[in-house]
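Chemist:
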Amino acid sequence: MKNFIIIILIAAGILQLLLALLMPWKKILAMYEENGKVISNKGKFIFCQRFLYLLISGYMILVAFLINKGIIKSTGEILIMGVSLMILTFLPTLNKYKYFK
Numbered sequence: 001m002k003n004f005i006i007i008i009l010i011a012a013g014i015l016q017l018l019l020a021l022l023m024p025w026k027k028i029l030a031m032y033e034e035n036g037k038v039i040s041n042k043g044k045f046i047f048c049q050r051f052l053y054l055l056i057s058g059y060m061i062l063v064a065f066l067i068n069k070g071i072i073k074s075t076g077e078i079l080i081m082g083v084s085l086m087i088l089t090f091l092p093t094l095n096k097y098k099y100f101k
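Going by the UniProt record's numbering, 67 is the number at position 67 of the sequence shown; the sequence numbering is gapless.
1. Taking all protein chains shown into account, do 16 or more other C-beta atoms lie within 10 angstroms of the C-beta of residue 24, making it buried, or fewer, making it exposed?
2. Buried or exposed for residue 1, please, with buried defined as at least 16 other CB atoms from any protein chain shown within 10 angstroms of its CB.
3. For the alpha helix (DSSP H) containing residue 74, name the first residue and the last one.
4. At which residues does the alpha helix (DSSP H) containing residue 13 begin and terminate?
5. Assuming contact is defined by CB atoms lying nearer than 9 Å, are residue 26 and residue 100 in contact in what I supplied?
6. Going by alpha carbons, who is nearest to residue 98 out of 46, 18 and 77?
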């Protein structure tokens with residue numbers, strides 16, 4: 001079971017890394033503007049979104065590494081890390097509302 005969790009975390013971390021680096025942010029901004037949204041600072045919005053995706057990616061890979069090395073052993077610690085990871089994944093969504101007018 002531990003190896004399964006590690007594989008999922010590493011795969012999800014790599015996916016988040018690829019999303020941060022390869023996502024077409026300018027097309028996404030254009031899509032928002034077509035739907036009537038006004039974004040106050042486009043450059044800062046893109047930077048923050050990329051940073052948050054990279055933060056989530058790094059956190060997933062770090063947790064997988066800590067579980068693999070045996071630093072995180074108990075199920076309770078893994079559960080706490082999972083809950084904090086779920087909270088982190090909502091940050092890019094919340095960040096959008098900061099820049100929308």
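Glycine included, every Cβ here is placed at the ideal spot set by N, Cα and C.
Modeler: In short:
1. By 1-based counting over the sequence shown, the position of residue 24 is 24. By the neighbour-count rule (16 or more Cβ atoms within 10 Å), residue 24 is not buried but exposed.
2. The sequence position of residue 1 within the sequence shown is 1, counting from 1. Exposed: under 16 other Cβ atoms inside 10 Å.
3. Numbered from 1 along the sequence shown, position 74 holds the residue referred to as residue 74. Judged by DSSP secondary structure, residue 74 falls outside any alpha helix (DSSP H); it is assigned neither H nor E.
4. Counting from 1 along the sequence shown, the entry for residue 13 is found at position 13. Boundaries of the alpha helix (DSSP H) harbouring residue 13: 2–22, taken from the DSSP string.
5. Within the sequence shown, numbered from 1, the residue matching residue 26 stands at position 26. Within the sequence shown, numbered from 1, the residue matching residue 100 stands at position 100. No, the pair does not count as a contact, with Cβ atoms beyond the cut-off.
6. By one-based count along the sequence shown, residue 98 stands at place 98. If we check each option's Cα against that of residue 98, 46 comes out closest.
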